[in-house]
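**Q** Residue numbers (the numbering used here): 205 to 507. Pasting a structure below so you can have a look.
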């Protein structure tokens, strides 16, 4: 890849979400690609002489492309000159690569808040969050999942909204409770962001009945699944920032234990995460505050 592309070429990183092999009326083969990021979708075309660049490829995948803009019936399309797969370890701002088109309308504001907050975190934490969000098993499902079957934020995008809506309150609490602790606020925000991640499996986005969680099958509880999903990314973080990885391991390990056996929280980070989690849930259910939309106290919020 040249250091500087010719002036008529566009260079960018995207999440490749669709690869479709096509044939023109003339018999010429080409590939139609969908390139996504937080700003929207771009259509890419790759002609016969470059088909080898996408064989084989599994989507979604992070790619860097170079292409010439074309307006031939495809506004914003690119005729792709080169395409390079990017390793997850090279991603440091993963939220900007998440496909906006997969985010439900109810969570678009939360999506915007995540993009903004990601830029405020220290480099190591931003890389960690970025690699989690671009993980094919996590990113798109996280955008679309419900936070619960019926209890709170029970709509597509509810998990993202629940996970993000209290993040702006974290700095004030962290600075008050943990003064002088570097990265305390950012660590707490990241812990809160991912505290319910396992719900992409235990709740998901569909309307089917929520899976039965049994104490005899602890691997099915969403807290335990959260730690399983994050484990490889926490191991990667540990190599760069062992202190931050240790704090996050402690949070997710504590939350993954059976409630009756947890005991007292071992850190203030855990206390803040639990408090804001409960506040988000209560606000969505309309419990403990005076609603401004004509409901009675205790009546669930309308979505």
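Built from N, CA and C at the ideal position, the CB exists for glycine as well.
Report the rounded CA-to-CA distance for residue 475 versus residue 468, giving the unit in angstroms.
**A** C-alpha separation (whole angstroms): 9 Å.
**Q** Tell me which same chain residues have a C-beta within less than 7 Å of the C-beta of residue 483, skipping the five on either side of it?
**A** Once the five neighbours on either side are set aside, the close Cβ partners of residue 483 are 370.
**Q** Taking the alpha-carbon positions, what's the residue 287 to residue 295 distance?
**A** The alpha-carbon atoms of residue 287 and residue 295 are separated by roughly 16 Å.
**Q** Quick one: using the 10 Å Cβ neighbour count with 16 as the cut-off for buried, is residue 259 buried or exposed?
**A** It counts as exposed.
**Q** Can you tell me whether residue 216 is helix, strand or coil according to DSSP?
**A** Strand at residue 216.
**Q** To the nearest angstrom, how far is the alpha carbon of residue 395 from that of residue 269?
**A** Roughly 33 Å separates the two Cα atoms.
**Q** For residue 273, which three-state DSSP category applies?
**A** Here residue 273 sits in strand by DSSP.
**Q** Quick check on DSSP: helix, strand or coil for residue 238?
**A** Reduced to three states, the DSSP call for residue 238 is strand.
**Q** Could you tell me the boundaries of the beta strand (DSSP E) in which residue 295 lies?
**A** No beta strand (DSSP E) holds residue 295; DSSP gives it neither H nor E.
**Q** Taking DSSP as the reference, what is the three-state secondary structure of residue 428?
**A** In this structure, residue 428 counts as helix in the three-state DSSP scheme.
**Q** In the DSSP assignment, find the unbroken alpha helix (DSSP H) run with residue 337 in it and report its ends.
**A** That run of the alpha helix (DSSP H) goes 327 to 338.
**Q** Nearest by alpha-carbon distance to residue 449: which of 392, 266, 308 is it?
**A** When only C-alpha atoms are compared, the closest one is 392.
**Q** So residue 404 and residue 332 are supposed to be a Cβ contact under 8 Å. How far apart are they, rounded?
**A** That pair is no contact at about 18 Å.
**Q** Determine the burial state of residue 246: buried for a count of at least 16 other Cβ atoms within 10 Å of its Cβ, exposed for fewer.
**A** Buried.
**Q** Please say whether residue 222 and residue 263 have beta carbons closer to each other than 8 Å?
**A** Yes. Within cutoff.
**Q** Work out the CA separation of residue 466 and residue 433 for me, nearest whole Å.
**A** Cα-Cα distance, rounded: 21 Å.
**Q** Report the residue from 285, 290, 299 whose alpha carbon sits nearest the alpha carbon of residue 244.
**A** Considering only alpha carbons, the answer is 299.
**Q** Report yes if the CB atom of residue 368 is closer than 8 Å to the CB atom of residue 314, and no otherwise.
**A** Taking 8 Å as the Cβ cut-off, residue 368 and residue 314 qualify as a contacting pair.
**Q** Look up residue 324 in the DSSP assignment and say whether it is helix, strand or coil.
**A** The answer is coil: DSSP assigns residue 324 none of H, G, I, E or B.
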